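Taking the working numbering, the leading residue of the first sequence gets 19, the next gets one more, and so forth.
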Amino acid sequence: MAYKENNLPDNQYNSEEIENRCIAFWDAENIYAYDKNASRENTFCIDTPPPTVSGSLHIGHIFSFTQTDITARFQRMSGKSVFYPIGWDDNGLPTERRVQNYYNIACNPNLPYDPDFKPVHKEKDETKRKEVSRKNFIEACQMLTQEDEQIFEQVFRRIGHSYDWSLKYTTISPEAIKVSQKSFLDLYAKNKVVSIEAPTMWDVTFKSAVAQAEVEDREVEGFFHDIKFQVQGSDETFIISTTRPELLPACLAIVANPEDERYKKLFGKNAIVPLFDISVPILPAEHADKDKGTGIMMVCTFGDAADVAWWKNSGLPIKQIIGIDGRIIDVDYGVGPFSSLNPDKAKENFAKIKGMTVKQAKETIFALLRQDGALQGEPRKRIHSVKFYEKGSLPLEFVSSRQWFIKLLEEKNRMLDAGNKINWVPEHMYHRYEEWTKGLNQDWCISRQRFFGVPFPVWYHLDEKGNPDYNNPILASEKQLPVDPMSDTPIGFNEEQRNKPNGFIGDCDIMDTWATSSLTPQIAMYFAPKNVPLALPFDIRPQAHDIIRTWAFYTIAKALLHENKIPWKKILISGFILDPDRKKMSKSKGNVVTPLNLIEKHSSDAVRYWAAKARLGIDTAFEEQIMTQGRKLVVKLFNAAKFVLAIVANSNLASEKNYKTYIKNDLDKAWLAKLANTAKNAQKAFLNDDYASALDLTETRFWDFCDNYLEIVKKRAYSQDNNSAVASLMLSLDTFIKLFAPFCPFITEEIYQIRSWKDKQDISVHKEAFPDDASFENLVDNEQLYDEVVNIIAEIRKAKTNANKPLKTPVKSLQIYTTEAMKDLLLKNQTDIINVGQIENNGIIYIVADKLDVKNIVLDMNFISEKK
RNA sequence: GGGCGUGUAGCUCAGGUGGUUAGAGCGUUACGUUGACAUCGUAAAGGUCGCAGGUUCGAGUCCUGCCACGCCCACCA
19 MAYKENNLPD NQYNSEEIEN RCIAFWDAEN IYAYDKNASR ENTFCIDTPP PTVSGSLHIG
79 HIFSFTQTDI TARFQRMSGK SVFYPIGWDD NGLPTERRVQ NYYNIACNPN LPYDPDFKPV
139 HKEKDETKRK EVSRKNFIEA CQMLTQEDEQ IFEQVFRRIG HSYDWSLKYT TISPEAIKVS
199 QKSFLDLYAK NKVVSIEAPT MWDVTFKSAV AQAEVEDREV EGFFHDIKFQ VQGSDETFII
259 STTRPELLPA CLAIVANPED ERYKKLFGKN AIVPLFDISV PILPAEHADK DKGTGIMMVC
319 TFGDAADVAW WKNSGLPIKQ IIGIDGRIID VDYGVGPFSS LNPDKAKENF AKIKGMTVKQ
379 AKETIFALLR QDGALQGEPR KRIHSVKFYE KGSLPLEFVS SRQWFIKLLE EKNRMLDAGN
439 KINWVPEHMY HRYEEWTKGL NQDWCISRQR FFGVPFPVWY HLDEKGNPDY NNPILASEKQ
499 LPVDPMSDTP IGFNEEQRNK PNGFIGDCDI MDTWATSSLT PQIAMYFAPK NVPLALPFDI
559 RPQAHDIIRT WAFYTIAKAL LHENKIPWKK ILISGFILDP DRKKMSKSKG NVVTPLNLIE
619 KHSSDAVRYW AAKARLGIDT AFEEQIMTQG RKLVVKLFNA AKFVLAIVAN SNLASEKNYK
679 TYIKNDLDKA WLAKLANTAK NAQKAFLNDD YASALDLTET RFWDFCDNYL EIVKKRAYSQ
739 DNNSAVASLM LSLDTFIKLF APFCPFITEE IYQIRSWKDK QDISVHKEAF PDDASFENLV
799 DNEQLYDEVV NIIAEIRKAK TNANKPLKTP VKSLQIYTTE AMKDLLLKNQ TDIINVGQIE
859 NNGIIYIVAD KLDVKNIVLD MNFISEKK
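In structure tokens, the structure reads:
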């Protein structure tokens, strides 16, 4: 397709027009298509982060994704076939939460499917959420994510990311589900995944298990309650300080440090739990700290991870009183673990908290303790940190349930090895990975009691009484994938046998979203054309540092367990965008500076410039002024190009493709030597993953071009003998648009397309080779000449400015001190100096010296600018 | 408590292997507008390079200690 009807430069820079033109052109010409015929060595594979589609795009996304795009574009210009897929991570809890709020619905898996239900967006709906079936809920999730994904795609296209959109995937797509389920089956076959019933960290709001990596600590206000316990069969008492009095009925035992003299005498005896009169043993335990609280504590099922750890070795029964919804469940005080010495009293007190939330139960128990006289003094306030699910609002509880776990604890050393083989940029980010891996203390819980995600490809036999046999799951065969055990039937059964004795049930859980996202390289390859030379390890994984312990860690784990390989050779860690107060930028403020607003205000190229200015791994404060600076650069590029094109149009070389042969002038060659150096250094910086330096170098040289070189050759370019100057300007412009192309793909493409010396082979600047030494062969010489001329001109300008005179004020005379060798060269090329400095005939006196100096500049003080 | 990072001009940031008067952009001030410039250019002011020691002929750069800030992890009755 033709890039533009009329290839003349526009009068003014119009970012939106150029952006729309480029996007349509790139799309039509498939500029960024992955070349499947390239060999693996000639392919650059990127494991792109699939953004979570659960709301709006944040400026932080634009920041880091653009940095990756710059790298991709450089690699493409270096001759690589770039495998640059994009996907949307749409499965998982964030999506469910957004869907619940957006449509004001909630999933109730017990309801039947309603084919007529259509979700409608509800703005600030205060009414109770409408309950819908699992299938209706999943459909609502699909509907909203598709809408969100279109918006994401528009923004990513507008900012000029060079993905191959034909490789687009979503993590909830049947194909991704297939890859993810296959991964599960492979791990099962390798005995790396198990289902066990055990106390697990549990979010009561989302009613789901969570993994260690999704947990964060938060400082909350709590109260120490001092509670008096009586030793059974004696008058002795002791005080326990606890922040969780509501767990009193779940108390299993009392423990103190074995070395604690105060309590040694109690070991072997029993204590009476107040209010419930349950007799519990008093035991020594290493994890009890003499100096904390009163030195003696209760172990409950389950107050925290220490309780879980201790319980595992204790042989004592579980007393679970907190249900999956965070409310107190019913228990029997007559028999079993809750047996009370005074069942009526226990039942009466327990009835008062049954069904309550943890918070309500805490208050009720507090009041009961006070009434009972077991409470000593007033509760004491304390700030302590408590574990939360990162997306939750209530503290995590430990709830015993059956969950699938990937056995990562036994892989710690191999995980450390694998991490070590990967090149971390910046290097110190490896420490985060290392520390997290070393500190791992639980296997990876991958089951979630949610709905919108990848189902486990698993069913269970039901025995004659209808009880499931979890130890011998029925696995889907690979040919069946993707499979939903809640609607698909296992091989060898018919649907009639579902939920019937001697029949089967489906596993109703779904997988942790990371269980699928950790397969992004495999998913991307699955979506690629068949029989292409793609394989692990990919070349790079770009990502931010907050998800090293999740995305990076889990992806490394999967590649290791499945293929015994590292997933990528290099991981590039981007920094964060911070608020001006240096906190991580909040979503609320993100509303003010949405990516699209910024693009419209400053242009895509300018926003990209802003992203490119930041170094990898470094958090930076958001500063919009950098986009303003970027826009100035883009406008300058546009204007300089227009100027050069106008000069070329008036020359003999207007459509001369082989213009380079006309470059003969010493000063032009000296300038080109500077430019060639810049290209070489920019390339070096790129190869070092330092795109920011590449931009700095290019930008500096470009302003030098505008401020100095263009001014120097202007007169000569308009003169009769102008071929060398014009050709040099052509080469300079061609070089600059290639150097800037990875950063500013729009303006550079625009200039590339409207050049008069473009021919049929010139498809796109983004298909051109990045400038190297060969581009300047035999065209560079004596760069020192250029430096000297620029210095001389600077001195002349300074003299004029200091005299408060216009720059076109004529110079009557000046003395140039320079070396013997340079003197001849300057003399030979002095026309340019005379032109730009407005120096009168025979005004320059050369004096041989050790180094350059300019002295005794005499201005024509009678000169008056015409305008005044 | 452990680990990592950062601290350079009013602001945002650059400153391989230690080497002459420490840089850029923005902002401020003054002047100008030269054949492209929704402007652009020229120039000026502005820094005890967090603090204190040490190594060295020489330290923003290397070493030690301290301070401040940020992030990650662990503990948390």
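Think of the CB as a built atom: it goes at the ideal place given N, C-alpha and C, for glycine as much as any other residue.
Since the structure is predicted, the reported quantities are computational estimates derived from the model, not experimental observations.
Q) Can you check whether the CB of residue 555 is closer than 8 Å to the CB of residue 585? A) Taking C-beta atoms as the reference points, residue 585 and residue 555 count as a pair closer than 8 Å.
Q. Taking the Cβ atom as the reference point for each residue, do residue 255 and residue 246 lie within a distance shorter than 8 Å?
A. In this structure, residue 246 lies closer than 8 Å to residue 255 by Cβ.
Q: Just tell me which of 309, 395, 331, 90 has its CA closest to the CA of residue 64.
A: Its Cα nearest to that of residue 64, the residue 90 stands out among 309, 395, 331, 90.
Q) What residues in its chain sit with their C-beta under 8 Å from that of residue 211, if we drop five residues either side in the sequence? A) Cβ neighbours of residue 211 beyond the five flanking positions: 202, 205, 422, 423, 424, 425, 464.
Q. Residues in its own chain within less than 8 Å of residue 35 by CB, not counting five upstream and five downstream?
A. Only 28 meet the Cβ criterion.
Q | Supposed close pair residue 504, residue 473 - CB separation, criterion 8 Å | A | Yes, residue 504 and residue 473 are in contact; Cβ-Cβ is about 7 Å, under 8 Å.
Q) Near residue 769, which residues of its chain fall below 6 Å by C-beta distance, leaving aside the five closest residues on each side in sequence? A) Once the five neighbours on either side are set aside, the close Cβ partners of residue 769 are 659, 755.
Q: Give the DSSP-derived three-state secondary structure of residue 373 in the structure shown.
A: Residue state, collapsed to three classes: coil.
Q: Along the beta strand (DSSP E) that carries residue 399, what are the first and last residues, could you check?
A: For residue 399, the enclosing beta strand (DSSP E) covers residues 393-407.
Q) Can you tell me the Cα-Cα spacing of residue 231 and residue 460, whole angstroms? A) In a straight line, the C-alpha of residue 231 is about 10 Å away from that of residue 460.
Q | Host alpha helix (DSSP H) of residue 489 (start-end) | A | Not the alpha helix (DSSP H): residue 489 falls in the beta strand (DSSP E), residues 486-493.
Q | Close-in-space but distant-in-sequence residues of the same chain around residue 785 (CB under 7 Å, 5 per side omitted) | A | Cβ neighbours of residue 785 beyond the five flanking positions: 49.
Q: Would you kindly work out how many angstroms separate the C-alpha atoms of residue 614 and residue 690, rounded to a whole number?
A: Between the alpha carbons of residue 614 and residue 690 lies a distance of about 39 Å.
Q: Report yes or no: do the segment 122-129 and the segment 151-164 share at least 3 C-beta pairs separated by less than 8 Å?
A: At 8 Å Cβ cutoff, the stretches touch.
Q. Beta carbon of residue 841, beta carbon of residue 866: below 8 Å?
A. Residue 841 places its beta carbon less than 8 Å from that of residue 866.
**Q.** Proximity of residue 238 and residue 402 at Cβ, strictly below 8 Å
**A.** Yes, they are a contact pair.
Q.
Taking the alpha-carbon of residue 699 as reference, which of 83, 757, 681 has the nearest alpha-carbon?
A. Comparing alpha-carbon positions, the option among 83, 757, 681 lying closest to residue 699 turns out to be 757.
Q) Under a three-way DSSP split, which group does residue 526 fall into? A) The DSSP-derived three-state label of residue 526 is coil.
(Q) Please list the terminal residues of the continuous beta strand (DSSP E) segment that includes residue 190. (A) Careful: residue 190 lies outside any beta strand (DSSP E) and carries neither H nor E.
Q: Report the residue ranges of all beta strand (DSSP E) runs contained in full by the segment 28-95; include only those spanning at least 3 residues, in chain order.
A: DSSP runs (the beta strand (DSSP E)) wholly in the segment 28-95: 61-63.
Q. Among the residues of its own chain, which have a CB less than 6 Å from the CB of residue 219, if the five just before and after it don't count?
A. Cβ within range, chain order: 228, 414.
(Q) Just to confirm, is the Cβ distance from residue 772 to residue 148 under 8 Å? (A) Taking C-beta atoms as the reference points, residue 772 and residue 148 fail to come closer than 8 Å.
(Q) In whole angstroms, give me the CA-to-CA distance for residue 278 and residue 314. (A) Approximately 9 Å, taken between the alpha carbons.
Q. Can you tell me whether residue 608 is buried or exposed, with buried defined as 16 or more other CB within 10 angstroms of its CB?
A. Any answer about residue 608 is weak, because its pLDDT of 49 lies below 50 and its placement is not dependable; what the coordinates show is given next. Under the 10 Å beta carbon count, residue 608 is surrounded by 16 or more other beta carbons and is classified as buried.
Q. For residue 688, does the count of other Cβ atoms within 10 angstroms reach 16, so buried, or fall short, so exposed?
A. It is buried - the Cβ of residue 688 has at least 16 other Cβ atoms within 10 Å.
Q) Between residue 848 and residue 863, is the Cβ-Cβ spacing less than 8 Å? A) Result no, Cβ atoms of residue 848 and residue 863 do not sit closer than 8 Å.
Q) For residue 707, which residues of its own chain have a beta-carbon under 7 Å away from its beta-carbon, when the five flanking residues on both sides are left out? A) The answer, listed in chain order, is 443, 590, 634.
Q. What's the gap between the Cα of residue 823 and the Cα of residue 766?
A. Taking the straight line from one Cα to the other gives about 37 Å.
Q) Are residue 95 and residue 763 touching if we call contact CB-CB under 8 Å? A) With respect to residue 763, residue 95 sits apart: the two C-beta atoms are not nearer than 8 Å.
(Q) Please report the straight-line C-alpha distance between residue 291 and residue 300, rounded to a whole angstrom. (A) In a straight line, the C-alpha of residue 291 is about 11 Å away from that of residue 300.
(Q) For residue 718 and residue 41, what's the separation of their Cα atoms in angstroms? (A) Rounded to whole angstroms, the gap between the alpha carbons of residue 718 and residue 41 is 28 Å.
Q.
With H, G and I counted as helix, E and B as strand and the rest as coil, what does DSSP make of residue 539?
A. Three-state result, residue 539: helix.
Q: Would you list, in sequence order, the uninterrupted beta strand (DSSP E) runs of no fewer than 3 residues that lie entirely inside the segment 438-477?
A: The beta strand (DSSP E) runs of length 3 or more contained entirely in the segment 438-477 are, from start to end of the chain, 441-443.
Q) With distances taken between CB atoms, is the gap from residue 233 to residue 351 smaller than 8 Å? A) Residue 233 places its beta carbon 8 Å or farther from that of residue 351.
Q: May I have a chain-ordered list of the alpha helix (DSSP H) segments no shorter than 4 residues that lie completely inside the segment 114-178?
A: Taking only runs of at least 4 residues, the alpha helix (DSSP H) segments lying wholly in the segment 114-178 are 152-176.
Q.
I need the DSSP call for residue 510, collapsed to helix, strand or coil.
A. Coil at residue 510, not helix or strand.
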